[in-house]
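Enquirer:
Residue numbers (our numbering): 22 to 165.
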């Protein structure tokens with residue numbers, strides 16, 4: 022069961038950090054695209070909307086699932102702590118608290134990934150709405 026602590030520290034937390042990098046990378050790429058998109062090159066609203074919303078579902082997915090991944094790490098860490106208590110019998114409370122603190126670290130990191138991801142997703146949606154409204158204003162609210 023010791024492997025569970027290593028899995029939480031390196032597997033779950035490493036995965037959450039990777040998801041964070043992916044969400045931030047996508048958001049940066051989308052913000053850059055939004056700043057340089059030429060609305061006049063799109064003849065219909067749907068093709069513009071498809072281009073603007075490309076990949077932002079990944080940011081939303083990361084934001085909505087990161088807390089659950091962190092919670093999984095917490096549950097596994099607590100299970101490992103309880104297993105160690107059961108195997109060793111009486112344990113020093115310091116060891117128990119260290120084990121539980123390490124387990125809760127996964128939830129904290131999950132939240133640290135989720136909160137900015139959801140915020141970035143909302144900022145991206147706002148920019149998309151602004152660009153679509155600007156396109157509609159320039160093209161006389163044509164909908165194709």
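Note that beta-carbon positions come from the ideal geometry of N, C-alpha and C, so glycine has one too.
#1: I'd like to know whether the C-beta of residue 56 is nearer than 9 angstroms to at least one C-beta of chain C.
#2: Would you mind sorting residue 24 into buried or exposed? The rule is 16 or more other CB atoms within 10 Å of its CB.
#3: Within the continuous alpha helix (DSSP H) that includes residue 94, where are the two ends?
#4: Note down, in chain order, each residue of its chain lying with its Cβ closer than 8 angstroms to the Cβ of residue 132, except the 5 sequence neighbours on either side.
#5: Could you pull out every residue in the same chain whose Cβ sits closer than 8 angstroms to the Cβ of residue 154, ignoring the five residues on either side in sequence?
#6: Kindly indicate the opening and closing residues of the alpha helix (DSSP H) around residue 42.
Expert: Taking the structure as given:
#1: Note that chain C does not occur in the displayed structure, where there is just one protein chain.
#2: Your numbering for residue 24 matches position 3 in the chain shown. Of the other Cβ atoms in all chains shown, fewer than 16 fall within 10 Å of the Cβ of residue 24; this residue is therefore exposed.
#3: Locating residue 94 in the chain shown gives position 73, counting from the first residue. Residue 94 -> alpha helix (DSSP H) spans 77–109.
#4: In the chain shown, residue 132 corresponds to position 111, counting from 1. The residues are 87, 88, 91.
#5: Taking the chain shown and counting its residues from 1, the one referred to as residue 154 is at position 133. Counting only Cβ-Cβ distances below 8 angstroms, and skipping sequence neighbours, we find nothing.
#6: Within the chain shown, the letter at position 21 stands for residue 42. Its alpha helix (DSSP H) spans residues 34–57.
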